[in-house]
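Protein chains in written order, with my numbering: chain A, 400 to 1005; chain B, 9 to 150. Positions of the beta carbon are idealized from the N, C-alpha and C atoms, including for glycine.
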Amino acid sequence: MSMKPARLFSRSSQGRATPGEYTFGRLHFWLAWLLPAAALGLTLWIWQDAATEVTRTANERFQFRQNEVTSAIHGRMAAYEQVLRGTLGLLMALPEASRTQWQEYVTTLKIDEHYPGLQGIGYSKWIHPEDKEAYMAHIRQEGFHEFAIYPSGIRPEYTSITYLEPFDQRNRRAFGYDMWSEHVRRTAMAQARDTGQTSISGKVTLVQETDTDVQAGVLMYLPYYQPGLPRETVEERRRALQGFVYSPFRMRNLMAGILGHALHDVKLEIFDGTELSATTLMYDSEAGEQPSSALPYKALRATTTLLINEHLWTVRFTTLPPFHASLDTYRPGLFLITGSLVSVLCAAVVWSFTTMRRRATALAQQMTLELNRHTEALARSNAELETFAYVASHDLKAPLRGIDNLASWIEEELGEALQGETREYMTLLRGRVHRLDKLLEDLLQYSRVGRTAASTELVNVEKLVADIFELLNTQHTFRLDFLTPLPTFPTVRSRLEQVFSNLISNALKYHDHLPGILQVSVYDRADFYEFVIADNGPGIAPAYHDKVFQMFQRLRARDDIEGSGMGLAIIKKIIEEQGGHIWIEYTDGTRGATFRFEWPKHMQGG
Amino acid sequence: MSTAQAVKVVLVEDDLVDVKAIQRAFATLHITNPLYIAHDGLEAFELLRGSATRQPLEKPYIILLDLNMPRMNGIEFLRALRNDAQHRETVVFVLTTSQSPQDIHDVYQWNIAGYLVKSSERSRFLDTIAMLRHYWQVVELP
């Protein structure tokens, strides 16, 4: 009976995985994709975190800027108020201060140096209508022949800018100007008069303004009351009012003075009051600046109100490109990009692995399918061979036996009548029949090699060889020597027996002269034993060392020594089926033949 | 020595040369028992049961059976024989070429008296036939 071929992946060969395999595969798949998903998740988290960080930093820095600016403005305005107070102090101390004294005072202050933005320090006298002419005459007497209060006209009250230092080109334009005549100024002046506190006017266009560099203007007023008069109530104050110590401010110069060049990353807009419009805009730090062609960004904007001397300014901050540029705003984007790249990479790796795995599995399935197909084909051919062997054994041998019988009967019948040539013919005939029979037998044997189930048993090889030798050495003309002790180990007895049997039988059969000596030895070659059988016979020429192992190969004439030529072929097949090798040791034509073969220490299958 | 009647030998064999071999062996051993030839199982049954032209074969007889035959081979013949109430007790020797252990095992399931392998060697063959003669001379047949 032939062995059933092993089937691998029997279920996969049908295209479907076993349930266990299926769930594992699926699980594995989803687990694998978890990695890039996690990477992406992490990326998004980091990105979001970085973005939040950036925003927070931006807001903080923005807030800081705002605080910087607003406190600077507050501080500076307070400082300027002090200057006015100082000037008021002068006036209180020297009510009759002359123009020159005033000049000197202001010059000493070095306002250009220390109080940038302060256009000047001046005094606006409160003039009752009845005193108007006298006042103007007084001023003209100082040398200003063209002096007049302007705008001209009749009004219930007048004020006039009497002093304004430094008395430069611009300030000279204000000389004699009645600020009370203008609504915005009047509001501030009235407030100062009535409260006794410093006041700031709304947005005005100063009379100092010419055509060039027109700026918004603001005026600060401090009321000057008649010393000695009560000034607790509004009424008292009005009665006591002598004039105003005041300062005009040109907004751009003022802010330049306050901010210096610090404000390059935030745009500052100052609006008069609470309304944010072009009319109320007093200062724009970016006015005249080219809008930056920087990358689009989301500007931060904040609005806050400043109360300066009871007057409301609305300040609007807007971030500029330099603000954002300094913010490492690229970081979140960078994290996102690199993180995404890493995630994509992970995904690509996972994808390629799963694809590889799928492909490998598919390949494996395909290969096992082919393997199964081949194994089936092999089994089929084995079965065919088995049938052939059986057929050869019976159906070929039967007529052969018949021929042999008939030949022998003819011989018997003829008896003495069979003479000379005819007798020889008959002998040859019988010989040929036997040869054919033996050939068939050997062929059968050859075909059966390796296909019979082999049982492993403990074999004493030395005893086995000795027994075989005993059996074959019937004439006792040979001697057997063991050059090394032969091992005892578990193996298939029948196969080893066949090999030794054939080799020893050959040695005995082909020997040319006595005494014949056989030498058997063994070498340990890790997984194999290497057995050596050497005889002192005629030897085999090197040219035939490979040929002798082929089927039906003989080196002697068929009628010289009987032999099917299959013996060595059969044992070679046996040995090679076990992963071993048989060969003849090289000789250079000298006598003696040495056969060496490898025999595994451990049988596979068994 | 068995009772009066000589034991008949029924040879169920299709190969003419093998038949001649038996005949020659009988001659050499001077066996005079009647030898009936059937070329296959069907012919053998005709012999045993009788036909339109002849009576059933009278006992005692033994059967020498070859396995490889056309139409009805040895095993089929044995099966049919053992199922035949009239003839199931017949002593059968299988005389065949097959040395296959499987064949031997299968055949013995049908209660054969012995499994004999045909040998080309003449002396051995003669010994086998002599043994058979000895058998039917000594053993009481049904």
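Close Cβ partners of residue i (< 8 Å) along its chain, the five nearest in sequence each way excluded
i	result
Ala496(A)	Leu489, Leu490 and Tyr504
Ile510(A)	Val482, Leu517, Gly519, Ile520 and Pro565
Gly595(A)	Pro622, Tyr624, Arg630 and Arg636
Val947(A)	Ile939, Leu954, Leu967 and Ile983
Lys908(A)	Ile960 and Gly962
Ile707(A)	Ile472, His473, Met476 and Ile599
Tyr985(A)	Pro941 and His944
Residue i, buried or exposed, once every other Cβ within 10 Å from all chains shown has been counted against 16
i	result
Met681(A)	buried
Lys697(A)	exposed
Asp880(A)	exposed
Trp144(B)	buried
Thr713(A)	buried
Lys602(A)	buried
Val864(A)	buried
Val146(B)	exposed
Ser470(A)	exposed
His723(A)	buried
Val748(A)	exposed
Glu668(A)	buried
Close-in-space but distant-in-sequence residues of the same chain around residue i (CB under 7 Å, 5 per side omitted)
i	result
Arg406(A)	With a pLDDT of only 45 at Arg406(A), under 50, the local geometry of the prediction cannot be trusted, and the value read off the model is given with reservation. Same-chain partners within the cutoff: Asn771.
Leu55(B)	Val18, Tyr44, Ala46 and Leu65
Leu640(A)	Trp525, Arg592, Pro622 and Tyr624
Leu50(B)	Arg79 and Met80
Leu124(B)	Phe101, Val102, Leu103 and Thr136
Residue i vs residue j beta-carbon contact at 8 Å
i	j	result
Ile560(A)	Ala573(A)	yes
Asp23(B)	Asp48(B)	no
Phe716(A)	Arg700(A)	yes
Leu86(B)	His95(B)	no
Thr558(A)	Ser523(A)	yes
Tyr479(A)	Ser646(A)	yes
Asp664(A)	Thr702(A)	no
Val921(A)	Leu885(A)	yes
Ala449(A)	Thr753(A)	no
Pro150(B)	Glu97(B)	yes
Val20(B)	Ile71(B)	yes
Unbroken beta strand (DSSP E) run spanning residue i, endpoints
i	result
Asp880(A)	Phe877 to Phe881
Gly656(A)	Not the beta strand (DSSP E): Gly656(A) falls in the alpha helix (DSSP H), residues Met650 to Leu658.
Gly819(A)	First-last for Gly819(A): Gly819 to Arg847, but that is the alpha helix (DSSP H), not the beta strand (DSSP E).
Lys524(A)	Ile520 to Ile526
Asp683(A)	Leu680 to Asp683
Thr594(A)	Not the beta strand (DSSP E): Thr594(A) falls in the alpha helix (DSSP H), residues His582 to Thr594.
Asp923(A)	Gly915 to Arg924
Asp803(A)	Unbroken run through Asp803(A) is the alpha helix (DSSP H), Lys796 to Leu813; no beta strand (DSSP E).
Glu608(A)	That residue, Glu608(A), is in no beta strand (DSSP E); it is neither H nor E in DSSP.
Arg995(A)	Ala992 to Pro999
Ala46(B)	Leu43 to Ala46
6 Å CB neighbourhood of residue i in its chain, flanking five on each side removed
i	result
Ile981(A)	Lys971, Ile974 and Phe996
Ile120(B)	Val100 and Val102
Ser411(A)	In this predicted model, Ser411(A) has a pLDDT of only 43, less than 50, meaning its place in the structure is not dependable enough to derive any value.
Met77(B)	Asp22 and Asp48
Delimiting residues of the alpha helix (DSSP H) encompassing residue i
i	result
His113(B)	Pro109 to Tyr116
Val25(B)	Leu24 to Thr36
Phe133(B)	Arg130 to Val146
Lys946(A)	Note, Lys946(A): premise wrong, no alpha helix (DSSP H); not H, not E.
Phe868(A)	Val860 to Leu871
Val505(A)	Arg498 to Leu508
Phe531(A)	For clarity, residue 531(A) is Lys in the given sequence; the question names Phe instead. Segment Lys531 to Gln540, the alpha helix (DSSP H) holding Lys531(A).
Ala573(A)	Gln568 to Ala573
Lys16(B)	Taken as a continuous stretch (DSSP letters only), Lys16(B) belongs to no alpha helix (DSSP H), being part of the beta strand (DSSP E) at Lys16 to Val20.
Pro720(A)	Pro720 to Ala724
Leu55(B)	Gly49 to Arg57
Val898(A)	Arg892 to Lys908
Val633(A)	Val633 to Ala639
Gly122(B)	Per DSSP, Gly122(B) belongs to no alpha helix (DSSP H); it is in the beta strand (DSSP E), Gly122 to Val125.
Contact test: residue i Cβ vs the ligand COA heavy atom, cutoff 7 Å
i	result
Arg894(A)	Only the bare structure without any ligand can be found here, which leaves the ligand COA out of the picture.
Segment contact flag, the region 885 to 898 of chain A with the region 854 to 862 of chain A, C-beta cutoff 8 Å, min 3 pairs: yes
Sufficient close CB pairs (3 or more, under 8 Å) joining the region 608 to 620 of chain A to the region 644 to 654 of chain A: yes
Any 3 or more C-beta pairs closer than 8 Å across the region 579 to 592 of chain A and the region 447 to 457 of chain A: no
At least three beta-carbon pairs within less than 8 Å, the region 860 to 871 of chain A to the region 824 to 837 of chain A: no
Segment contact flag, the region 122 to 134 of chain B with the region 30 to 44 of chain B, C-beta cutoff 8 Å, min 3 pairs: yes
Segment contact, 8 Å Cβ cut-off, at least three pairs: the region 902 to 914 of chain A with the region 922 to 940 of chain A: yes
Touching by the beta-carbon criterion (3+ pairs, under 8 Å), the region 771 to 788 of chain A and the region 456 to 467 of chain A: no
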